[in-house]
RNA sequence: GGUCCGUUCGUCUAGGGGUUAGGACUUCAGAUUUUCAUUCUGGCAACAGGGGUUCGAUUCCCCUACGGACUACCA
């Protein structure tokens, strides 16, 4: 009984998709592609109260950016459309009614106050888990306790009601999870979950089973937070008569906070100083901004590679994977069982690796963009050269500008440390000759510049190590950076001359000392 | 509280009845370099605890501890 593999990612549009969600989507995608199956996205918007404008677009854009392709989705359509549960609303009631008719569900008329009262009562009676279940339902207002004609009357009068699942009192429910193996839960620990809400919408529990069945889903990969309700879902498949085509389940370990307490949440981004969302998000109500990996300058390939390794590994020493390689290497069996703490350092490391693998000319685009924003003109050739010099020392694309400002702007301040240690009259003598002769070079490049410097040093009976730091100081104002001769080549003879002259003037007190 | 899930270096993890318990990130030291970074070499660093089973347990079983999730007419 080999069915065509169909997996789905089913987020609800209640806010920005967080990286845990992206990882879930990624694993679904990897499995689908690995097995030649279909990747489906379904929007779970059965809670109208929690709808957040823009969230759906955010989900689409995030997945697109990450390179997770959808074969069927609300935006693309597909053979099982619609792919928004709100648009599928008319489909659910019949299944709920089917369950009522077969005796596996019932109508309940209890008000919110009555439910609250019941819970309070049970709590007072020291019941461990106050819930609407096989025992307590006998004391509530539902079609199990009310006379039949009373129920009909209430229904006919349009009174608000919900449909609840009639969970068996004593039954061992077994569930096979691809990651955890057999999980056993007793039905007495599950309450009579609401299937249809009083607003006519199904709850997640009903909707996801109905849709997964109708959409012929074969594998459900979702977060571990769903594990406790998975037995309930098994029950639903059974009562609906769909047990033989029930999908396989895989519950992913959670993404945890770096300090090891609880799952990674929205607020952690600000707290720890790294993004927890793929894209920047502005809360439509509060206007609060949350940073995103894309805006931070992460490359989608690095982001995906890093995410894939949060809870999964190929079992080899290889760490850098393209999406295609991930697809080939991915297996559910190699997903870990335990929660994974988020490691920002490692995330940065992945981005560095990807950055360094890029050709200089491509990296130059980041620099060019930063320059454009500041109205500084620069040729592609020059930007490419600078990028090549900088690539070993950047983590994020923004570093290209941050670390290379001195290529475009003369220093206004000088490192005090180097000035006091290395700036002296002998060095100044060398630089004075150096800057004057620089313009006379027939061939102007890093090599000839170095040659010139060496010649002058020889004349003064000095060694290169005695002046390099000071020269760097004069040209860049800094104490560290890439090869200085290359910098001087890129900056040009005239500009270098000006900078040295300026430095000699400004640093005169040090030379005198 | 109850139910369920989990626990190998600080972090991500490999491994699996007998191993010097391996790698990566971080960190430290050395080498190279005009500096810093890179690179290279090397170092520190782990099987939560207690019982079993076994000739032998980090690995299998149980208990404890700790961590986490869930416990809504939210997903």
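Numbering (the numbering used here), first residue to last: 709 to 1221. Note that beta-carbon positions come from the ideal geometry of N, C-alpha and C, so glycine has one too.
Taking DSSP as the reference, what is the three-state secondary structure of residue i?
i: residue 815; result: strand
i: residue 1023; result: coil
i: residue 1083; result: coil
i: residue 851; result: coil
i: residue 873; result: strand
i: residue 751; result: strand
i: residue 717; result: strand
i: residue 1184; result: helix
i: residue 843; result: coil
Select from the options the residue whose C-alpha is nearest the C-alpha of residue i.
i: residue 1139; options: 1105, 1123, 1104, 1180; result: 1180
i: residue 1048; options: 715, 964, 838; result: 964
i: residue 866; options: 829, 908, 725; result: 908
i: residue 1176; options: 1168, 1167, 1169, 1192; result: 1192
i: residue 1090; options: 1217, 776, 1200; result: 1200
i: residue 767; options: 804, 717, 799; result: 717
i: residue 904; options: 732, 1153, 798, 1189; result: 798
i: residue 1216; options: 927, 1133, 826; result: 1133
i: residue 937; options: 954, 913, 960, 947; result: 913
i: residue 1207; options: 1043, 773, 906, 1114; result: 1114
i: residue 1023; options: 1032, 1044, 1009; result: 1044
i: residue 700; options: 1116, 923, 750; result: Examination of residue 700 is not possible in this model, given that the chain is present from 709 through 1221 alone.
i: residue 1005; options: 1078, 1031, 1160, 935; result: 1078
i: residue 1064; options: 1220, 1101, 1210; result: 1101
i: residue 755; options: 911, 727, 996, 931; result: 911
i: residue 992; options: 821, 812, 762, 951; result: 762
For residue i, does the count of other Cβ atoms within 10 angstroms reach 16, so buried, or fall short, so exposed?
i: residue 744; result: exposed
i: residue 941; result: buried
i: residue 1083; result: exposed
i: residue 1105; result: buried
i: residue 1172; result: exposed
i: residue 770; result: buried
i: residue 1046; result: exposed
i: residue 894; result: exposed
i: residue 841; result: buried
i: residue 1009; result: buried
i: residue 919; result: buried
i: residue 1222; result: Any property of residue 1222 remains undetermined from this structure, which presents the chain solely from 709 to 1221.
i: residue 1085; result: exposed
i: residue 831; result: exposed
i: residue 1080; result: exposed
i: residue 1059; result: buried
i: residue 843; result: exposed
i: residue 765; result: exposed
i: residue 1050; result: buried
i: residue 793; result: buried
i: residue 900; result: buried
Skipping 5 residues on each side, what residues in its chain have a beta carbon closer than 8 angstroms to that of residue i?
i: residue 787; result: 780
i: residue 738; result: 1016, 1034, 1035, 1038
i: residue 1158; result: 1193
Apart from the five residues just before and just after residue i, which ones in its own chain have a Cβ nearer than 7 angstroms to its Cβ?
i: residue 817; result: 849, 850, 862, 867, 869
i: residue 980; result: 966, 1052
i: residue 1153; result: 1197
i: residue 730; result: 770, 774, 986, 1015
i: residue 1141; result: 1164
i: residue 1143; result: 1204, 1205, 1208, 1209
Apart from the five residues just before and just after residue i, which ones in its own chain have a Cβ nearer than 6 angstroms to its Cβ?
i: residue 1178; result: 1130, 1131, 1135
i: residue 958; result: 886, 887, 929, 1040
i: residue 1029; result: 1013
i: residue 989; result: 724, 998
i: residue 1118; result: 1207
i: residue 944; result: 917
i: residue 1096; result: 1068
Which residue spans inside the segment 876-962 form an unbroken alpha helix (DSSP H) run of at least 4? Counting only runs of at least 4 residues, the segment 876-962 fully encloses the following alpha helix (DSSP H) elements, listed from N- to C-terminal order: 912-922, 938-948.
Go through the segment 957-1012 residue by residue and report every complete run of the alpha helix (DSSP H) that reaches 4 residues or more, in order. The segment 957-1012 contains these whole alpha helix (DSSP H) runs: 976-980, 1001-1004.
At 4 residues or longer, what runs of the alpha helix (DSSP H) sit wholly inside the segment 1053-1122? Inside the segment 1053-1122, DSSP marks whole alpha helix (DSSP H) runs of 4 or more residues at positions 1068-1081, 1088-1098, 1106-1110, from first to last along the chain.
Enumerated in chain order, which unbroken segments of the alpha helix (DSSP H) with a length of 4 residues or greater are wholly contained in the segment 763-829? Taking only runs of at least 4 residues, the alpha helix (DSSP H) segments lying wholly in the segment 763-829 are 763-774, 797-809.
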